[in-house]
Structures are given as C-alpha cells and as structure tokens.
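S.K.: Sending over a structure as structure tokens; questions will come in a sec.
Protein chains: 2
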Amino acid sequence: MSRNVRTLLCDGPGMQYRTDTCFMNTLTRKERERAAREADLLDRAYALVCEHGLVSLQMSHLAAAGEVAMGTLYSHFSSKEDLLLALSVRSSAYRLEQMRKAVAWDECSRMRMLATAMADWLFMDQHPHYAQIDQYAISEVVWNRASEARRVEFARSREPIGALIHDVVRDARACGDLQEKYFTVEETPFGLWTMLIGTNLLTHASGLLEHFQIEKPYQLMVRHLTVWLNGLQWQPLMAPDDKALTELLCTRLQTEVFSRENDE
Amino acid sequence: MSRNVRTLLCDGPGMQYRTDTCFMNTLTRKERERAAREADLLDRAYALVCEHGLVSLQMSHLAAAGEVAMGTLYSHFSSKEDLLLALSVRSSAYRLEQMRKAVAWDECSRMRMLATAMADWLFMDQHPHYAQIDQYAISEVVWNRASEARRVEFARSREPIGALIHDVVRDARACGDLQEKYFTVEETPFGLWTMLIGTNLLTHASGLLEHFQIEKPYQLMVRHLTVWLNGLQWQPLMAPDDKALTELLCTRLQTEVFSRENDE
DNA sequence: GCGAAAAAGTGAATATGATTCAGAAACTGA
DNA sequence: TCAGTTTCTGAATCATATTCACTTTTTCGC
Chain A
4 MSRNVRTLLC DGPGMQYRTD TCFMNTLTRK ERERAAREAD LLDRAYALVC EHGLVSLQMS
64 HLAAAGEVAM GTLYSHFSSK EDLLLALSVR SSAYRLEQMR KAVAWDECSR MRMLATAMAD
124 WLFMDQHPHY AQIDQYAISE VVWNRASEAR RVEFARSREP IGALIHDVVR DARACGDLQE
184 KYFTVEETPF GLWTMLIGTN LLTHASGLLE HFQIEKPYQL MVRHLTVWLN GLQWQPLMAP
244 DDKALTELLC TRLQTEVFSR ENDE
Chain B
4 MSRNVRTLLC DGPGMQYRTD TCFMNTLTRK ERERAAREAD LLDRAYALVC EHGLVSLQMS
64 HLAAAGEVAM GTLYSHFSSK EDLLLALSVR SSAYRLEQMR KAVAWDECSR MRMLATAMAD
124 WLFMDQHPHY AQIDQYAISE VVWNRASEAR RVEFARSREP IGALIHDVVR DARACGDLQE
184 KYFTVEETPF GLWTMLIGTN LLTHASGLLE HFQIEKPYQL MVRHLTVWLN GLQWQPLMAP
244 DDKALTELLC TRLQTEVFSR ENDE
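Here's what the structure looks like:
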C-alpha cells in the first residue's frame, strides 16, 4: 500500500526513494543519507571535472572516487547526461549566492540590474568548469537525455535567481526608474538572459570571436546591456561607450559587492 | 618534394589532399571528386539526422548510407565531432542565402537589421535539425573535439554572413540612421548575435522557458531587439510593445522577402 | 603498355566507456 | 532469529567510435 504510493511518485532517479513522508516535509534518516551521498557524488564529480576536464569525466571514475558501485551511481542518475544536469543544478546555489550580493548592492535599480549580469560573469570567471557544464547541460542533446525529473529540478533550482531579478524589475517600476510596461515583469530580463548565454557560448568557442575581431566579449556584452537598458528607458540613462565607467563598475562591484577575498 | 609541400599544408582532415595547386586556385580532378564525396557524405549525414535524430547519428550508419568504408569516412572527418562541425559549416550557405534576401529588402536600414535576425529565426524554423546541430557543434565540448582546420573552416564559412550584416551597419551610418560610434562596425551586431544564440539555446531546452512564464521566445526576442535598436538610437525608433508591428513585420518578411514558396 | 611505388580505400578488429542485471549483503519488523 | 524486502555490487553486456593491417587503385618513369 505504501508501495503503491511510492510507485506512483517514482518517475525518475532521485525520486526513487521519495515516499509519502515527503508531504510532511520530513525526510527519513535513509532519505537524508541518500541525499547526502548524492551531494557527495556531485562534489566528487565536480572535482573530477576540475582535475581532468569535462570530456574525461567517466561514470566508472566517479564510481571509484565516490566509493560506490556502478549500480548505485545509476540509482542516483539515470544517465551521464542526468548527472551533468544535476551538476548544473548544484551550481545554482552558488550563482544565487553571488546574485544575492549583486541585488543587495546599495545602488540604483539600473546598476543593480547590471550587477546581476556581472555576478553571472564573475561566477563563470571564478568557476569556468561550472560555466562549461551549465552550457553543455542546457544544450538540446544533453537536456533531452537527462531525466524529466532532473529537468524540472533544474528549472526549480533557477527559480530563486529569477525571483531575485524580477524583484529588481519590480523595484525599478515602483521607484519610477522603469516606466515602460511593454513587457511583463517575467519578460523583461529576457534580453539580458539571452545575451549572457549567447556571450558565454561564443566565448568558449575558442578562436571564433577573434576571427570576427571581437576582443573582450564580456566587456562588450556589458556595453550592449547598457544599450539595451537605455532602450528600455531604464533610468538613469548612460553612454555605452564609457569604457571607464564599465571598468569602474567592475572594480566597484568586485570590491564593494563580491569581496574577492573568498576565492577558492 | 611535392610531398613535402603537401605535408606542410596538411594539418587535419579535409586538408589532407590539398597540394600546392591550391595556390593557383585550381583543383585537380581528384580533389574535386573528393570534395564532391565529402559534400555527398554531409548530405547523407543530414538526411540521417532528419530521419532518426541527431542523437542516433552513427558513424557506421553514415558509412553504410554513403557507401564508403569506415576508414574512408575518417579520412574526411577526424572524429564524429568534426563531422558535426562540418555539418554546421554546410548550413552556413543556406543561412547566407536567407540573409542575403533579408539585407536586400527594400526598406530602411533598421528594418533590414531586424530582418537579418528574422532570417535566422526563419532558417531555424525551417531547418530545426540544422538549428540543433549548429547549437551543439558550437558548444565547447564538441567544438574542442573537432579539428582545428574545421574550426577555421567554420569561422570562414560564417564570414560572408558577418560581412553582410556589417554592410547594413555601414549603410545605416552612411545614411545617418545610426549616429552613434560607441562600437566599431564589428562590435555593433554583437548584441543581436548573442540574443539570437541565447534564444535558440533556451528555446530548445524544452519546458524551461515555460517554467519562467515565457511563451513565444522568438517573438519576445524581436521585441527585445527593438529595445536594443532603440538603445543604439537606430532610426526610426519604434515601440517594442507593438506586437501588431512585429507580426506585420513577420508577415511582410515572409511574403516580400523570403517567399515561403521554397519550402522543402 | 609495364610494373613498381605511392595513394586511397576497406571493414573486421579493437578500444572505450556507458549501462544493466543477477546475485550478495544489509536491513526491517515480527 | 529469520523471512521478506530493500539496497548495493561489479563483472558482464552492449553500443559505438576509432584504428590499422591489408587490398585495390592510381601514378609515373621507362
């Protein structure tokens, strides 16, 4: 009978051991242990990626590193792709942390919006392997081979980040910095989001941007974001050619907001 | 002695049979036949992708379909990833064709700029498999496993598209539609480029955008491009909430520019 | 044309590495 | 304690990319 409920709920790895107790928001000891092991496996997987590169990540290596059998590994992750997306989910927390600092900045809404983009950039700069994993995991081929449950988990894991940014939009509207109502609150950050992802993708295709005479893609992106913010009439308007401003912004963000001390 | 020259030039598949005759821009019969076979293999590979999906594309299937041995296949493509990037190179010609129509539109420079983005969108709509291949091929993992020669070939193959867009920027500057000189001609389209790529990536991660209450990503992108163009002060300015305009634009483009007859 | 050397092509064998599953071990509750 | 159940195990399987020893074809000096 408990069996039946469990079966109904199970539609993928990571869900496998969830029972009705979930509804009470309490995890059994077993469930906690299992979650802990999954987290541990992900940590080790990330360490392997850092050490040998994403391409060399092998399920058998991870099993060895995590001191579990292949079968156990596969009880957590339905496939290698599922593991990659799980890694990406794991990165959400770090991104969120960074993002929180950005939006908490004691500055006007526009600066805070820009800071969210820079938070992402800084994150990718500090964690190039996560940048690579995130990028790869979201590509159609990998995405579709991950489990449905993991895809949902991924979307959920990014929700808080979305919420944070939506709040900035709402603040901007509330204080009059952002008059326009062309977009819903949810639609507004789309331009920023796509530029971030596109820049990341292009940046990592080594040699491609150089071929098109583009030197510092992230700096350039910030300038294009400035253009975009101006297009939204997000006050106060700024000149996108002001490279000094961009750099000052970078510097201030790093010192005032992200306190670069915590390099790992 | 000819051997030596050849050896020096050979640094990857696809280059393997290039000799000094290249410098005279004449291909020997052999070289032409080889090029023809490579093209044929790519056609068949694309057909296989269309029929069974990118994930199911197998080198052995392609060898069978192209009636060549595995070894021969590998004399053309150094790896599966190299083949994928070659497929992406192949798509450049089709993209270019579409793009040419867009920039030849009898409209103001701003509309033509927007039309280039729509050309890309339409291309991806008409050739979803190319959209998927292009996206995957440019991802760091695949990109780095393709041969250096192929990566260069890819960059070169996109050059004409870049040139076309740069011309639109130059035209806009010449006729006064685009006053600003914040960006070099090459830097100007970066915002558009990244939005296109980002939108494409997000769109194909099924379920993700829906999760964030984003309905029609490409329409939304066009509106964000309008914002961006406004930010550049690219005349004539337009209201990005004018969905009717966006749709009219789509319709006009499809009828006047891309003559949807040529659906394959 | 002839025949040896070089080039191109072949596909079975190899190599890699993801995934499975039959059985062993651990745990549970009476 | 023990039967039933869950969980873990890792060698075996399977899927495929890649290679390479060998065959066929082409080239080219005579």
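Line by line, the protein sequences give chains A and B.
My numbering puts the first residue of the first sequence at 4, with every later residue one more than the last.
My numbering puts the first residue of the second sequence at 4, with every later residue one more than the last.
Ideal Cβ placement from N, Cα and C applies to all residues, glycine included.
Small disclaimer: the values here were computed from a predicted structure and weren't measured.
#1: Of all the CB atoms in chain A, is at least one closer than 9 Å to the CB of E259/B?
#2: Residues in its own chain within less than 6 Å of C25/A by CB, not counting five upstream and five downstream?
#3: Any beta carbon of chain B sitting closer than 9 Å to that of G69/A?
#4: Could you work out which residues of chain B lie near M198/A, taking near to mean beta carbons separated by less than 8 Å?
#5: For T202/B, which option in E190/A, H130/A and R176/A has the closest C-alpha, if you only look at C-alpha atoms?
#6: For the pair the stretch 226 to 246 of chain B and the stretch 182 to 196 of chain B, tell me if three or more CB-CB distances fall below 8 Å.
#7: Between M102/B and T119/B, how many whole angstroms is the CB-CB distance? I'm expecting something under 8 Å.
#8: Can you tell me which of V260/B, M224/B and Q257/B puts its alpha carbon nearest to the alpha carbon of D244/B?
#9: Quick one: using the 10 Å Cβ neighbour count with 16 as the cut-off for buried, is A149/B buried or exposed?
#10: Please report the residue range of the alpha helix (DSSP H) in which G74/A lies.
#11: So for V188/A, helix, strand or coil by DSSP?
#12: What is the rounded straight-line gap between the Cα of S209/B and the Cα of D123/B?
#13: I want to verify the contact list: residues of chain A whose CB lies under 8 Å from the CB of Y221/B, in sequence order.
#14: Residue range of the alpha helix (DSSP H) that P163/B falls in?
#15: What three-state label does DSSP hand F215/A in the structure shown?
#16: Between the C-alpha atoms of T249/B and R115/B, what's the straight-line distance to the nearest angstrom?
#17: Is the beta carbon of A48/A sitting closer than 9 Å to the one on L90/A?
#18: Closer than 9 Å by beta-carbon distance: list the chain A residues that pair up with L211/B, in chain order.
#19: Beta-carbon within less than 7 Å of I217/B's beta-carbon, same chain only, minus the 5 sequence neighbours each way: which residues are those?
#20: Using the C-alpha atoms, what's the distance from S262/A back to D43/A?
#21: Report all residues from its chain with a CB closer than 6 Å to the CB of L181/B; omit the five preceding and five following residues, and keep chain order.
#22: Please report whether the beta-carbon of S150/A lies at a distance below 9 Å from any beta-carbon of chain B.
#23: So that I know if they touch, is there some Cβ in chain A lying closer than 9 Å to that of M224/B?
#24: For P239/B, tell me which candidate among W146/B, C111/B and G194/B has the shortest Cα-Cα distance.
#25: Listed from N- to C-terminal order along the chain, which residues in the stretch 47 to 63 of chain B have their beta-carbon within a distance smaller than 8 Å of any beta-carbon of chain A?
#26: T258/A: which of A72/A, R93/A, G56/A and L125/A sits nearest, CA to CA?
#27: Please decide whether V92/B counts as near chain A, where near means a Cβ-Cβ distance under 9 Å.
#28: Once DSSP output is grouped into helix, strand and coil, what is the label at P131/B?
#29: Please specify which runs of the alpha helix (DSSP H), each continuous and at least 4 residues long, are wholly inside the stretch 93 to 141 of chain B, giving them in chain order.
#30: 9 Å is my cut-off, CB to CB: does M27/A come that close to chain B?
#31: V106/A and I3/A - do their beta-carbons sit closer together than 9 Å?
#32: Count the other CB atoms within 10 Å of the CB of H130/A; is the residue buried (16 or more) or exposed (fewer)?
#33: What does the alpha-carbon distance come out to for the pair R161/A and W146/A?
#34: With H, G and I counted as helix, E and B as strand and the rest as coil, what does DSSP make of G201/A?
#35: Using a Cβ-Cβ cutoff of less than 8 Å, which residues in the same chain neighbour G2/B once the five nearest sequence positions on both sides are dropped?
M.R.: In this structure, then:
#1: no
#2: Summary for C25/A: the model assigns pLDDT 39, below 50, so the residue's position carries little reliability; its value from the coordinates is reported in the next sentence. Closer than 6 Å at Cβ, skipping near neighbours: no residue.
#3: no
#4: G194, T197, M198 and G201
#5: E190/A
#6: yes
#7: 6 Å
#8: M224/B
#9: buried
#10: M73 to H79
#11: coil
#12: 20 Å
#13: Neighbours of Y221/B on chain A: none; closest Cβ ~11 Å, over 8 Å.
#14: E151 to A177
#15: coil
#16: 14 Å
#17: yes
#18: I141, W146, R154, F157, A158 and R161
#19: L223
#20: 28 Å
#21: A175 and W237
#22: no
#23: yes
#24: C111/B
#25: L57 and V58
#26: L125/A
#27: no
#28: helix
#29: 112 to 129 and 131 to 140
#30: Since pLDDT at M27/A reaches only 42, below the 50 mark, its modelled position is unreliable, and the value read off the structure follows with that caveat. No, because no Cβ of chain B sits closer than 9 Å to the Cβ of M27/A.
#31: Outside the modelled stretch of chain A, which goes from 4 to 267, sits residue 3/A, for which no answer is possible.
#32: buried
#33: 15 Å
#34: helix
#35: Past the boundaries of the shown model lies residue 2/B; chain B is included only from 4 to 267, so the question cannot be answered.
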